[in-house]
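>
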Amino acid sequence: MMATSQDQSLGSSSDENCQLRFREKLLAIDLELKFQDVESLKFLCIGFIPQNKMEKCRSALHLFDYLMTGEMISVKDPFFLAELLYTIKQNYLLRHLGYTKKQVECLLPIRGKLSPFRKLLYELSEGIDEENLKDIIFLLADKIPKVSMSPLSLLAYLEKNTEIDEDNVILLEKVFKKVAPFLLRKIENYKREKAAQEVTPPVDKETESLPQGQEEIFTPSDIKQFHGALTETIMYRMDRKHRGHCIIINNHSFTSLKDRPGTHRDAECLKLVFEWLGFTAHKYDDVTKGVMDKILQEYKSHPGHADGDCFVFCILTHGEFGAVYSSDGVLIPIRSIMRHFTAQQCPGLAHKPKLFFIQACQGPEVQTSVLTEADAQNSKHLSLMDSVPTEADFLLGLATVPGYMSFRHIRDGSWYIQSLCNHLKKLVPRQEDILSILTAVNNDVSQQVNSDGTLRQMPQPAFTLRRKLVFPVPQNALLLL
Numbered sequence: 001m002m003a004t005s006q007d008q009s010l011g012s013s014s015d016e017n018c019q020l021r022f023r024e025k026l027l028a029i030d031l032e033l034k035f036q037d038v039e040s041l042k043f044l045c046i047g048f049i050p051q052n053k054m055e056k057c058r059s060a061l062h063l064f065d066y067l068m069t070g071e072m073i074s075v076k077d078p079f080f081l082a083e084l085l086y087t088i089k090q091n092y093l094l095r096h097l098g099y100t101k102k103q104v105e106c107l108l109p110i111r112g113k114l115s116p117f118r119k120l121l122y123e124l125s126e127g128i129d130e131e132n133l134k135d136i137i138f139l140l141a142d143k144i145p146k147v148s149m150s151p152l153s154l155l156a157y158l159e160k161n162t163e164i165d166e167d168n169v170i171l172l173e174k175v176f177k178k179v180a181p182f183l184l185r186k187i188e189n190y191k192r193e194k195a196a197q198e199v200t201p202p203v204d205k206e207t208e209s210l211p212q213g214q215e216e217i218f219t220p221s222d223i224k225q226f227h228g229a230l231t232e233t234i235m236y237r238m239d240r241k242h243r244g245h246c247i248i249i250n251n252h253s254f255t256s257l258k259d260r261p262g263t264h265r266d267a268e269c270l271k272l273v274f275e276w277l278g279f280t281a282h283k284y285d286d287v288t289k290g291v292m293d294k295i296l297q298e299y300k301s302h303p304g305h306a307d308g309d310c311f312v313f314c315i316l317t318h319g320e321f322g323a324v325y326s327s328d329g330v331l332i333p334i335r336s337i338m339r340h341f342t343a344q345q346c347p348g349l350a351h352k353p354k355l356f357f358i359q360a361c362q363g364p365e366v367q368t369s370v371l372t373e374a375d376a377q378n379s380k381h382l383s384l385m386d387s388v389p390t391e392a393d394f395l396l397g398l399a400t401v402p403g404y405m406s407f408r409h410i411r412d413g414s415w416y417i418q419s420l421c422n423h424l425k426k427l428v429p430r431q432e433d434i435l436s437i438l439t440a441v442n443n444d445v446s447q448q449v450n451s452d453g454t455l456r457q458m459p460q461p462a463f464t465l466r467r468k469l470v471f472p473v474p475q476n477a478l479l480l481l
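Numbering (the UniProt record's numbering), first residue to last: 1 to 481.
Listed below in structure tokens is the structure:
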């Protein structure tokens, strides 16, 4: 009897220690969250925590307490918190819970608790800048109180007052059509996914139980093996002998076109960042058509591709839509450049991501300010996807949308390349995938204007990637931030 009592005492002590360690992890997470992060978590927890308790939350610790009280998170199962941190893009904090970004992504389809509607509202809030917010508040003046509001509090108010719900996003469509039409795609995607779910209701895999007496089919070892295979199917491999080659074509001086001051800064930034990511970078200045052909032939058949993870090709020059200029004034179609690296032409890069980043105008040149220049020559109206090979695993990142110019500061470099480099340095350590990074670049560049406030620019990616591309976090990540 005494032995049993002693065992119970030891078990109780062990449970208390586990609980203490778990709370220590939550405290560590709280210390790294900012005010806006806490507001985002509170918004995502609407429906999981009673409104009267939510209003009392002043910190992440209060939120964590309510989630534990409601058994939404526990020592044995903190996944819901991992989902929340993943959603607000605080992926570096997942380590406190024993998860990686890849693991969370694999488990979300099975264990995710956030509704598509909640995620839609949060994604919309991320796309609303200060100017958008002012316009939305003006349009909805008769529906909302005259108090200071953030994008999240505005959407929460509309939801609370049943102006919007998971079956009614008409008001959102009307408002964003006027204020931020680029966000309408998110609403359309939500409606499409919701309609698909109504046709084929999802199975609740957590509550579905086995028939009485039936044993589990998969062992923990099987599940671990399945998880590894699933990760492989949704992520490109990034664990070969080397990351790959990064080619940088940097054209400053031309025989018949004007010079491109500021391009050397872009080239050096690209070289620095991609070397930091593990690539072997090669920079070529003022490349003629003949030299370009030699470079393409060399890397088309480069033996190093076999042991590499990826391939990057950057071009900094003048351009027309769908084409770029060599330093001797020859117009080269982008598609003809990319075709050198298809699986048939370059077997060493088959099934591997091939990224092309191009800083060149894709439309007519216009009047600019003294320190801001355009990289445009003439314009042709084609489809952006016409430049991308039809086979898989390509990404083309253009500095601007079809028909428009891109801008370059003669001292500081181009808006697009500088934003690309800065966001790679910032978001790779957070384990963001390349398309998420390019979305952040789009948002950043779209908000920049020239010195007199008259010119803007919007980058555009086109891709046939089949999986997510996430660069491993470099060992010296913090040195570049």
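The beta carbon of each residue, even a glycine, is placed where N, CA and C say it ideally should be.
This one's a predicted model, so the numbers in the text were calculated from it and none came from an experiment.
Go through its chain and collect everything with a Cβ distance to R243's Cβ below 7 Å, but skip five positions before and after it.
Cβ neighbours of R243 beyond the five flanking positions: L277, G278, F279, G308, D309 and C310.
> Compute the Euclidean distance between the alpha carbons of residue 500 and M54, then round it to the nearest angstrom.
Because residue 500 is not part of the residues shown, which for the chain are 1 to 481, the question remains open.
> What first and last residue would you give for the alpha helix (DSSP H) that runs through P109?
P109 -> alpha helix (DSSP H) spans K101 to R111.
> Under the rule that 16 or more other beta-carbon atoms within 10 Å means buried, what is D165, buried or exposed?
Its Cβ having fewer than 16 others within 10 Å, D165 is exposed.
> In the structure shown, what three-state DSSP assignment does L257 receive?
L257 falls in the coil class under three-state DSSP.
> Would you report the Cα separation of H282 and C246, rounded to the nearest angstrom?
If I take the Cα positions, the gap works out to 6 Å.
> So M333 and L398 are in contact, right, with Cβ under 8 Å, and what is the actual spacing, rounded?
Met is not the amino acid found at residue 333; the sequence shown has Pro there. So it is not a contact: roughly 14 Å between Cβ atoms.
> Helix, strand or coil: how does DSSP classify T263 here?
Helix, per DSSP.
> So, helix, strand or coil for M235, using DSSP?
Strand, per DSSP.
> Let's test the definition: count the other Cβ atoms within 10 Å of the Cβ of H351 and tell me whether it reaches 16, buried, or not, exposed.
Under this definition H351 is an exposed residue.
> Tell me which same chain residues have a C-beta within less than 6 Å of the C-beta of K113, skipping the five on either side of it?
Hits under 6 Å: F80.
> Take the Cβ of A156 as the centre, count every other Cβ of all protein chains shown within 10 Å, and call the residue buried at 16 or more, exposed below.
By the neighbour-count rule (16 or more Cβ atoms within 10 Å), A156 is buried.
> Touch check for the region 431-450 and the region 282-301: three-plus C-beta pairs under 8 Å?
The region 431-450 is not in contact with the region 282-301.
> Would you list the residues sitting across from V312 in a DSSP beta bridge?
Answer is C246 and L355.
> Quick check: the Cα distance between R408 and L427, rounded to an integer number of angstroms?
The predicted model places R408 with a pLDDT of 45, which falls under 50 and marks its position as unreliable; any figure quoted below should be read in that light. Cα to Cα, R408 sits roughly 23 Å from L427.
> State the start and end residues of the unbroken beta strand (DSSP E) segment that holds residue 483.
The requested residue 483 is not part of the displayed model; the chain covers only 1 to 481.
> Would you give the residue range spanned by the alpha helix (DSSP H) that I295 belongs to?
Where I295 is concerned, the enclosing alpha helix (DSSP H) stretches over K289 to K300.
> Would you call I110 buried or exposed, if buried means 16 or more other Cβ atoms sit within 10 Å of its Cβ?
I110 is exposed by the Cβ-count criterion.
> Sort E16, T255, E71 and S59 by Cα distance to L31 and report the nearest one.
For L31, the nearest C-alpha among the options comes from S59.
> For F357 and S115, I'd like the C-alpha separation in whole angstroms.
Roughly 35 Å between the two C-alpha positions.
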